[in-house]
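Here's the structure, in structure tokens; my notes come after.
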Amino acid sequence: MPYSADISRANPACIMFLIDQSGSMNGDLAGQQGQPKMNLAADAINRTIDTLSQRCSQGMEVRDYFHLGIIGYNTDRSGNPILTSGLPGTTPEQPFLLISQTVDAAAVEERVVRESDGAGGVIEVNRQFPIWLQPKGELGTPMVATLQLATQVIEAWVSEHPDSFPPIVINVSDGAASDGDPEPEAQRLSSIQTNDGNVLLFNVHLSEIAASTLIQYPDSEARLPQNDDYAQTMFRMSSLLPEASRNQAANLDLSVSDDSRGYVFNADAVALVQFLDIGTRAASNLQ
């Protein structure tokens, strides 16, 4: 059975986040006035990394079950791609840290949050949050160049970890690629294999259009807007959800089938957080 390899310190899993940092990410998320997409995307990824670290924790020890990487992508004013590594001490060509190193590299931000006071009211309290990715939104969307880099990096990782659970690559974007058709490069990335199966490439599409319908984990292009070529392309780029992810989606009362793909169209804040959790739950056999 593919996607069934045990995940251990000897055979870790690899999770890479690709985050669109183009100018359109400055816009508000659909139906969320005053909430820029870049802020919500950064918060969701930071929250997901924190959750992954908790899954790896036993007492005070963080067990190195995961290698994590973040690649942000935008362009300069001439349209040339700017690819940056989101974790301290890494480069775009070598973006990974062990999960324990990732935890140690976190900055801490204090925020005021509203919580129940236990007596039917709400109070404001200060909470500390670990931060790895800062929001950013400038210029173009070089998705093709980003996927090319991801392919090179993942090929190198797989050559060193041939028996590991296949890498999971999660692309968060809100617009069409500005440097060509990303589908061929996505297919090359998804064709990379460990002995446990192909690389999993999942895509989440953020939007500013509140009137559009949220579509989660479609199993056919026919479920997507037929006049939206970008949505069709992103669907075809996305891998089938493995069983562990389908089970997690079903636990959240989401409708999925054996043909559902790791793609969400017109994601809101809740769907974005769910998507990252479901995508990373594909690697669930921690030993």
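Start counting the sequence shown at 6; every next residue gets the next number (the working numbering).
Beta carbons: idealized from backbone N, C-alpha and C, even for Gly.
Straight-line Cα distance separating residue j from residue i
i	j	result
Leu-102	Gly-64	21 Å
Gly-180	Gly-32	11 Å
Asp-263	Ala-254	12 Å
Tyr-70	Lys-42	30 Å
Asp-273	Leu-45	9 Å
Ser-195	Ile-50	22 Å
Tyr-235	Met-30	16 Å
Ser-265	Leu-246	6 Å
Asn-256	Gln-279	11 Å
Asp-258	Ser-212	23 Å
Gln-192	Gly-267	14 Å
Gln-231	Arg-132	44 Å
Ala-227	Asp-233	11 Å
Ala-287	Asn-252	9 Å
Ser-178	Arg-82	19 Å
His-166	Glu-160	10 Å
Gln-40	Glu-115	18 Å
Three-state class that DSSP yields for residue i in the structure shown
i	result
Ile-220	strand
Arg-14	coil
Thr-80	strand
Asn-200	coil
Gln-63	strand
Ser-90	strand
Closest by C-alpha distance to residue i, when choosing among the options
i	options	result
Asn-176	Ser-13, Arg-14 and Asp-25	Asp-25
Ala-110	Glu-98, Pro-93, Pro-97 and Ile-220	Pro-93
Tyr-8	Gln-221, Ser-58, Pro-172 and Leu-259	Pro-172
Thr-156	Glu-226, His-72, Pro-189 and Leu-219	Pro-189
Leu-73	Gly-84, Asn-85, Asp-81 and Pro-97	Pro-97
Gln-139	Gln-192, Ile-75, Ala-182 and Asp-168	Ile-75
Gln-59	Asn-85, Thr-107, Phe-22 and Ala-47	Thr-107
Asn-271	Pro-223, Ala-161, Thr-95 and Val-261	Pro-223
Gly-185	Gln-99, Ser-260, Asp-168 and Gly-84	Gly-84
Arg-52	Phe-22, Glu-66 and Asp-81	Phe-22
Leu-154	Pro-167, Glu-115 and Gln-99	Gln-99
Ala-47	Ser-260, Lys-141 and Glu-115	Lys-141
Beta-carbon proximity of residue i to residue j, cut-off 8 Å
i	j	result
Pro-135	Val-113	yes
Ser-250	Ile-283	yes
Val-149	Val-174	no
Asp-201	Ala-10	yes
Thr-146	Ser-183	yes
Trp-137	Ile-54	yes
Leu-34	Thr-285	no
Ala-18	Phe-207	no
Same chain only: Cβ atoms within 6 Å of residue i, ignoring 5 sequence neighbours per side
i	result
Gly-77	Ile-24, Gln-26, Thr-89 and Gly-91
Val-163	Ile-197 and Thr-199
Asn-79	Gln-26, Ser-27, Ile-87, Glu-143 and Leu-144
Leu-291	Ile-12 and Tyr-70
Val-269	Val-209, Gln-221, Ala-276 and Phe-280
Ser-3	The structure shown has nothing for residue 3, since the chain only spans 6 to 292.
Beta-carbon contacts of residue i that lie in its chain and below 8 Å, excluding the five residues immediately before and after
i	result
Pro-187	Met-148, Val-149, Leu-152, Thr-238 and Met-242
Thr-95	Gly-74, Phe-101 and Leu-102
Leu-219	Val-269, Phe-270, Asn-271, Ala-272, Asp-273 and Ala-276
7 Å CB neighbourhood of residue i in its chain, flanking five on each side removed
i	result
Arg-68	Arg-14 and Cys-61
Phe-240	Pro-223, Glu-226, Leu-229, Arg-266 and Tyr-268
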